[in-house]
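**Q** Note that numbering that gives the first Met the number 0 gives residue 474 to position 475 of the sequence shown, counting from 1, and the numbers run on in steps of one.
Built from N, CA and C at the ideal position, the CB exists for glycine as well.
Structure incoming, see below.
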Amino acid sequence: MQMKERLRAEVLTRITRDYGLKQAGASYMRKGKCPKCKKPTLYTFSDSPWMLICGRPEACNHRVHIKDIYSDLFNYWSEQAPATAEDPAATARAYLEFARGFRTELLAGWYTQENYWDSKLKIGSATVRFPLEKGGYWERLIDRPDRFGKMKARFRPTSEGNPGYKGVWWCPPSLDLMETSELWVVEGIFDAIALMHHDIDAVSMMSSAPFPDQSLKTLAEQRRAADKRLPRLVFALDNEPVARANTRRWVKQARELGFTCGAAMIPQRDKKLDWNDLHQRWQFVEGDDERAKQRELDIKNARHEGDLLLAESPEEKGLLMYDWEPRREFSFSFKNRLYWFKFDIEKYDRILTDLENSEREQDQVLNDRERRDKAMRQCGAVVRIANCYTQALYWMRNEQTDESWYYFRVDRPEGPSVKNTFTPAQLASAPEFNKRLMGIDAGAMFTGTAMQLQRFLEPQLERLKTVRTIDWVGYTREYSAYVFNDLAVQEGKVYKLNKEDFFDLADLSIKSQTHSPALQINADLDAYDDAWFEIFWQCFGVRGVVVLAWWLGCLFAEQIRSLHKSYLFLELIGEAGSGKSTLIEFCWKLCGRQEYEGFDPTKATPASRARNFAQVANLPVVLIESEREQQEGAPTKHYDWDELKTAYNGRSVRSTGVKNSGNETREPPFRAGLLVAQNNAIKASEPILQRLGHVNLTREHHTPKTKLMAEQLERMPVEKISGFILKATCAEAGILKLLDEHTSPYEQQLLAMPGIRTVRIAKNHAQLLSLVDGLQLVLPLGDERAALVREEIADMAVKRQQAINADHPTVREFWDLVGYLNGLLPDSGALDPDGHLNHARTTGTFAINLNEVIEVAALKKQQIPQMSELKRLLKTSKSPKFIDSNRAVNSQRLLNAFDKPKTVRCWVFQIA
Ligand SMILES: [Zn+2]
Numbered sequence: 000m001q002m003k004e005r006l007r008a009e010v011l012t013r014i015t016r017d018y019g020l021k022q023a024g025a026s027y028m029r030k031g032k033c034p035k036c037k038k039p040t041l042y043t044f045s046d047s048p049w050m051l052i053c054g055r056p057e058a059c060n061h062r063v064h065i066k067d068i069y070s071d072l073f074n075y076w077s078e079q080a081p082a083t084a085e086d087p088a089a090t091a092r093a094y095l096e097f098a099r100g101f102r103t104e105l106l107a108g109w110y111t112q113e114n115y116w117d118s119k120l121k122i123g124s125a126t127v128r129f130p131l132e133k134g135g136y137w138e139r140l141i142d143r144p145d146r147f148g149k150m151k152a153r154f155r156p157t158s159e160g161n162p163g164y165k166g167v168w169w170c171p172p173s174l175d176l177m178e179t180s181e182l183w184v185v186e187g188i189f190d191a192i193a194l195m196h197h198d199i200d201a202v203s204m205m206s207s208a209p210f211p212d213q214s215l216k217t218l219a220e221q222r223r224a225a226d227k228r229l230p231r232l233v234f235a236l237d238n239e240p241v242a243r244a245n246t247r248r249w250v251k252q253a254r255e256l257g258f259t260c261g262a263a264m265i266p267q268r269d270k271k272l273d274w275n276d277l278h279q280r281w282q283f284v285e286g287d288d289e290r291a292k293q294r295e296l297d298i299k300n301a302r303h304e305g306d307l308l309l310a311e312s313p314e315e316k317g318l319l320m321y322d323w324e325p326r327r328e329f330s331f332s333f334k335n336r337l338y339w340f341k342f343d344i345e346k347y348d349r350i351l352t353d354l355e356n357s358e359r360e361q362d363q364v365l366n367d368r369e370r371r372d373k374a375m376r377q378c379g380a381v382v383r384i385a386n387c388y389t390q391a392l393y394w395m396r397n398e399q400t401d402e403s404w405y406y407f408r409v410d411r412p413e414g415p416s417v418k419n420t421f422t423p424a425q426l427a428s429a430p431e432f433n434k435r436l437m438g439i440d441a442g443a444m445f446t447g448t449a450m451q452l453q454r455f456l457e458p459q460l461e462r463l464k465t466v467r468t469i470d471w472v473g474y475t476r477e478y479s480a481y482v483f484n485d486l487a488v489q490e491g492k493v494y495k496l497n498k499e500d501f502f503d504l505a506d507l508s509i510k511s512q513t514h515s516p517a518l519q520i521n522a523d524l525d526a527y528d529d530a531w532f533e534i535f536w537q538c539f540g541v542r543g544v545v546v547l548a549w550w551l552g553c554l555f556a557e558q559i560r561s562l563h564k565s566y567l568f569l570e571l572i573g574e575a576g577s578g579k580s581t582l583i584e585f586c587w588k589l590c591g592r593q594e595y596e597g598f599d600p601t602k603a604t605p606a607s608r609a610r611n612f613a614q615v616a617n618l619p620v621v622l623i624e625s626e627r628e629q630q631e632g633a634p635t636k637h638y639d640w641d642e643l644k645t646a647y648n649g650r651s652v653r654s655t656g657v658k659n660s661g662n663e664t665r666e667p668p669f670r671a672g673l674l675v676a677q678n679n680a681i682k683a684s685e686p687i688l689q690r691l692g693h694v695n696l697t698r699e700h701h702t703p704k705t706k707l708m709a710e711q712l713e714r715m716p717v718e719k720i721s722g723f724i725l726k727a728t729c730a731e732a733g734i735l736k737l738l739d740e741h742t743s744p745y746e747q748q749l750l751a752m753p754g755i756r757t758v759r760i761a762k763n764h765a766q767l768l769s770l771v772d773g774l775q776l777v778l779p780l781g782d783e784r785a786a787l788v789r790e791e792i793a794d795m796a797v798k799r800q801q802a803i804n805a806d807h808p809t810v811r812e813f814w815d816l817v818g819y820l821n822g823l824l825p826d827s828g829a830l831d832p833d834g835h836l837n838h839a840r841t842t843g844t845f846a847i848n849l850n851e852v853i854e855v856a857a858l859k860k861q862q863i864p865q866m867s868e869l870k871r872l873l874k875t876s877k878s879p880k881f882i883d884s885n886r887a888v889n890s891q892r893l894l895n896a897f898d899k900p901k902t903v904r905c906w907v908f909q910i911a
């Protein structure tokens, strides 16, 4: 099969599969679903299916070139069309024909097919090479050029290091410069060739700079020598800021050489187009007349755009716009200032007539344009209404809070542009708009009226792109994407923040409105070096890796909670100097956060605590040192761990309501993982203890060598290790699969162990075991080491069960005291039923009056735990088991005034 046939067959298969296009008659494919308007109106030509077109030109007008959809078919030409001994330029020709839409018979002999080899990357590509006039060449890489980074084309490097085209253009060999009356000067060789297909004489200056002065001078000399008028030049460079500025410069210089000049510039719409793109679009307009009409229209628009670019005064520009589309009033920008055009035709005519008939010499020397400008100025048709230009970029919407903003770029004649938000209220009134402008860019002002503001903004705000926003950093479950500060990750792909400050993901535009925390993640994975893990292992061993596995789980906390309903908290304890802080700070660095460990919830205000809990998703929230040593006389500030209980399931942390702009309080869900790091184990209720994994770092294995390694980890630059978070989040699919498939079997294994009874403990530790498997996907954690880590986790689960079986430390303390005051049985050490505090007569019960306990304790100078907390905790007492907190007991020890056993209010426990 011929190259063209093979490619066509592949395209037809794909568009049938992807868009549901069906053969209709001999030459059409129809009834495809339009990706833009979703109507079944998409069609194409079955013999040349290179463009998909929506059949609703007015309502939708979607058209897209196949090469933009299936770029893989159009960027590896050596595979599509290999060169052969008989046809050494087959690959180059296929590229020119199918990727560029050229009639290659017109270009025969202009180019050769060559090869480029990048010795550093060790990859090569076929090229299409065009010789240049001064020697040297320009060539386009045509085999998956994105592999070569930014370089898609190259010049032969010259010994002087300057480009070989300086001052000289590339002229199509078929173009006779002596005959042309209008010569277009474009940037690329392919732009010039594209225009040539439409009978427009064009040369390529290879770039938007430098100015092709040598070629122009030669042309001027030759034309003058032959006594021919100089052709009119049309500078038609790309529509981007540098090229626009250059166009104005080159026009001025060319005029000095004696040329008359104009400019043409393709208006920028949703997609940046060049002349080659337009050529390919024109090819797919049905019907010769229609095609010619479309082409004329596009060129007329481009020339008008060029005229506006070359306008020398706001008056001239305003008048050009008025001539193009007569309206009584409108706004426009000139050199990054905003003007208002209001046309009073009678006044203008009167002034123009006056100027034409003027006796004054300075009026008589004016040419037509100058006279028009002067009349415009004198009739006051153009006034400045802002000393800057504001461009609406998109609309930002936060679904969670139901708030919205407009994001604008403010350009000034001098200085850098500024980008910031405007609220709807700030756009609704001229004074508010002015205030906001002054607030975001020093000295920027709007001095127009409310009507002018509205008329100026209306076209900008219409059909504005919507960008979703979140007010935290990290994962968003709603859109299945990680949104960090300047990087985002979705479905294993990393995206960079674009120049309008948002992420353009596969089918979603999104950004985070918060800059805190700032993660400095190095997107260059070549800079990432996983050698740190060996040092980490030497330094922290199995327990360090348990923390790392949990940390990895945090990066998937939201997905884990949607799989398993919960994600365990981790408690990391260790005496001072055990390396706890080093470990945590290092884990943060793996995620790009520097110089940070965590925050102390007892020191934070409720508002800042709420912010800390809500500002990240799929990242850890680390609480540090909340149970510090109590200072003499100072009231103890205990953090109420119970307020975290709901966070285990991802629900809002109690007491973290956040007031939004209205009056309602929002309770953001907990989207993160929770790590508690302190010197001693948490004293909390059983429900909290059940939710915790517990890692105890000790100084046991510390040696001078591990100390050096810890320092090495501390010094490791974030650029070299922050790639971890990208490697991990890009492995999302694999890691979640392991979590989904392995957790339940692990849970059964743990429950089968003799020491483990609580399902929640088994589940939490099963999650950690699956995460060790996940860790093996992103780190060089060998099977042997992984097995050691798993053993440690099983051991953690057993110990956790034991901790839960035990009473709260405060309760333990209390019973020790009661044992001392009451007396213990000498053989078993259990509470003596006949002791000094027990009132119960029934065997197996122990009844005490708390006030009496306090009195006796005071007599014996014993401290008693704080009463309100004790009363709460005693109800959880397991040994002895709590029965009742307020029972009237007929005392075995005390008598009343009538010498009868006294009735005493007691707390009752079961002692046997
Ligand atoms: Zn459509």
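#1: Taking only heavy atoms of ligand 1 into account, decide whether any of them is closer than 7 Å to the Cβ of Lys-270.
#2: For Leu-11, tell me which candidate among Cys-59, Ile-52, Cys-33 and Ile-65 has the shortest Cα-Cα distance.
#3: Go through its chain and collect everything with a Cβ distance to Gln-390's Cβ below 6 Å, but skip five positions before and after it.
#4: Would you mind reading off the limits of the alpha helix (DSSP H) that contains Ile-68?
#5: What do you get for Ile-520, buried or exposed, if any count of 16 or more other CB atoms within 10 angstroms of its CB means buried?
#6: For the structure I just gave you, are there three or more beta carbon pairs, one from the region 249–260 and one from the region 217–229, closer than 8 Å?
#7: Quick check on the DSSP output: what are the complete alpha helix (DSSP H) runs of length 4 or more inside the region 504–592, in order along the chain?
#8: If we count Cβ pairs, one from each stretch, closer than 8 Å, do we get three or more for the region 878–895 versus the region 831–840?
#9: Considering Gly-317, what are the terminal residues of the alpha helix (DSSP H) in which it resides?
#10: Looking only at DSSP bridge pairs, what is Arg-789 linked to?
#11: Measuring only from the beta carbon, is His-61 closer than 7 Å to any heavy atom that is part of ligand 1?
#12: Between Leu-750 and the rest of its own chain, which residues show a CB-CB distance below 6 Å, the 5 nearest in sequence each way excluded?
#13: Let me know the secondary structure DSSP gives Arg-143 once reduced to three states.
#14: When DSSP labels each residue in this structure, what does Pro-600 get in the three-state scheme?
#15: Which of the three DSSP states is assigned to Arg-904 in this structure?
#16: Any heavy atom of ligand 1 closer than 7 Å to the Cβ of Cys-387?
#17: Taking all protein chains shown into account, do 16 or more other C-beta atoms lie within 10 angstroms of the C-beta of Ile-853, making it buried, or fewer, making it exposed?
#18: For Ser-511, collect the residues of the same chain with a Cβ closer than 8 Å to its Cβ; drop the 5 residues on either side in sequence, then sort them by chain order.
#19: Please work out which residues of its chain come closer than 7 Å, Cβ to Cβ, to Pro-230, disregarding the five sequence neighbours upstream and downstream, and give them in chain order.
#20: Inspect the CB distances between the region 240–254 and the region 204–213 and report whether three or more fall short of 8 Å.
#21: Output yes or no for whether 8 Å exceeds the beta carbon distance between Trp-339 and Ile-384.
#22: So, are the CB atoms of Met-444 and Leu-452 less than 8 Å apart?
#23: Find the nearest neighbour of Gly-722 within the set Trp-169, Val-777 and Glu-138, judged by alpha-carbon distance.
#24: What's the gap between the Cα of Thr-702 and the Cα of Leu-696?
#25: Take Asp-639 as the anchor and find which of Pro-600, Asp-529, Leu-351 and Phe-189 has the nearest alpha-carbon.
#26: When you compare only the Cα positions, how much space is there between Gly-414 and Glu-718?
#27: When the Cα of Met-177 is compared with those of Lys-133, Arg-146, Arg-222 and Asp-200, which residue comes out closest?
#28: Just reading off the alpha helix (DSSP H) that Pro-686 is part of, what are its end residues?
#29: Can you tell me which of the three DSSP states Met-437 falls into?
#30: Nearest-angstrom Cα distance between Val-758 and Gln-766?
#31: With 16 other CB atoms within 10 Å as the buried threshold, where does Met-375 fall?
#32: If you compare alpha carbons, which of Ser-827, Asp-71, Val-694 and Phe-845 is closest to Asp-883?
#33: Give every residue of the same chain whose Cβ lies closer than 8 Å to the Cβ of Gln-630, excluding the five residues on either side of it in the sequence, and list them in chain order.
#34: Going by DSSP, which residues form a beta bridge with Ser-203?
#35: Got a sec? Which residues, its chain only, sit under 6 Å from Ser-508 by beta carbon, not counting five neighbours each side?
#36: Quick one: is Glu-533 buried, meaning 16 or more other Cβ sit within 10 Å of its Cβ, or exposed?
**A** Answer, in terms of the structure:
#1: As a first step, residue 270 is located in the sequence shown; it is residue number 271 there, counting from the start. Flag unset: Cβ of Lys-270 not near ligand 1.
#2: Taking the first residue of the sequence shown as position 1, residue 11 is located at position 12. Minimum Cα distance to Leu-11 is reached at Ile-65.
#3: In the sequence shown, counting from the first residue as 1, residue 390 sits at position 391. Once the five neighbours on either side are set aside, the close Cβ partners of Gln-390 are Arg-408.
#4: Position 69 of the sequence shown, counted from the start, is the residue given in the question as residue 68. Its alpha helix (DSSP H) spans residues 65–68.
#5: For the purposes of this step, residue 520 is taken as residue 521 along the sequence shown, with counting starting at 1. Buried, since its Cβ has 16 or more Cβ neighbours within 10 Å.
#6: The region 217–229 and the region 249–260 touch, with three or more beta-carbon pairs separated by less than 8 Å.
#7: 531–553, 556–563 and 579–589
#8: yes
#9: Numbered from 1 along the sequence shown, position 318 holds the residue referred to as residue 317. Its alpha helix (DSSP H) spans residues 313–323.
#10: Position 790 of the sequence shown, counted from the start, is the residue given in the question as residue 789. Beta-bridge pairing links Arg-789 to no other residue.
#11: Numbered from its first residue, the sequence shown carries residue 61 at position 62. Yes; taking the cut-off as 7 Å, the Cβ of His-61 has a heavy atom of ligand 1 nearer than that.
#12: Walking along the sequence shown from the start, residue 750 turns up at place 751. Excluding sequence neighbours, Leu-750 sits near Ala-761.
#13: In the sequence shown, counting from the first residue as 1, residue 143 sits at position 144. In the structure shown, Arg-143 sits in coil (DSSP, three-state: anything other than H, G, I, E or B).
#14: For this step, residue 600 is matched to residue 601 along the sequence shown. Coil at Pro-600, not helix or strand.
#15: The residue labelled residue 904 in the question sits at position 905 within the sequence shown. Three-state DSSP puts Arg-904 in a strand.
#16: Along the sequence shown, one-based indexing puts residue 387 at 388. Outside the cutoff, so no.
#17: Position 854 of the sequence shown, counting from 1, holds the residue named residue 853. So Ile-853 counts as exposed.
#18: Numbered from its first residue, the sequence shown carries residue 511 at position 512. Answer for Ser-511: Thr-468, Ile-469, Asp-470, Trp-471, Val-472, Val-482, Phe-483 and Asn-484, listed in chain order.
#19: Locating residue 230 in the sequence shown gives position 231, where the first residue counts as 1. Here the set comprises Thr-179, Ser-180, Glu-181 and Leu-182.
#20: yes
#21: Stepping through the sequence shown from its first residue, residue 339 is reached at position 340. Stepping through the sequence shown from its first residue, residue 384 is reached at position 385. In contact: Trp-339 and Ile-384 (Cβ atoms closer than 8 Å).
#22: To locate residue 444, count along the sequence shown from 1; it is residue 445. To locate residue 452, count along the sequence shown from 1; it is residue 453. No.
#23: The sequence position of residue 722 within the sequence shown is 723, counting from 1. Nearest Cα to Gly-722 within the set Trp-169, Val-777 and Glu-138: Val-777.
#24: Start at 1 with the first residue of the sequence shown, and residue 702 comes out as number 703. Start at 1 with the first residue of the sequence shown, and residue 696 comes out as number 697. About 14 Å.
#25: Locating residue 639 in the sequence shown gives position 640, where the first residue counts as 1. Ranking Pro-600, Asp-529, Leu-351 and Phe-189 by Cα distance to Asp-639 puts Pro-600 first.
#26: Position 415 of the sequence shown holds residue 414. Position 719 of the sequence shown holds residue 718. Going by C-alpha positions, Gly-414 is about 31 Å away from Glu-718.
#27: Taking the first residue of the sequence shown as position 1, residue 177 is located at position 178. Nearest C-alpha to Met-177: Arg-222.
#28: Your numbering for residue 686 matches position 687 in the sequence shown. Where Pro-686 is concerned, the enclosing alpha helix (DSSP H) stretches over 685–689.
#29: Here residue 437 refers to the residue found at position 438 of the sequence shown. Helix, per DSSP.
#30: Counting from one through the sequence shown, the residue named residue 758 turns up at place 759. Counting from one through the sequence shown, the residue named residue 766 turns up at place 767. About 12 Å.
#31: The residue you call residue 375 lines up with position 376 of the sequence shown. Burial call: buried.
#32: Along the sequence shown, read from residue 1 onward, the residue named residue 883 stands at position 884. Comparing Cα positions, the closest option is Phe-845.
#33: Numbered from its first residue, the sequence shown carries residue 630 at position 631. No answer about Gln-630 holds up, because its pLDDT of 48 lies below 50 and its placement is not dependable.
#34: Mapped onto the sequence shown, residue 203 falls at position 204. In DSSP, Ser-203 forms a bridge with Trp-169 and Val-185.
#35: Reading the sequence shown from its first residue, position 509 is the one you call residue 508. Cβ neighbours of Ser-508 beyond the five flanking positions: Val-466 and Phe-501.
#36: To locate residue 533, count along the sequence shown from 1; it is residue 534. Classification of Glu-533: exposed, given that the 10 Å Cβ count is below 16.
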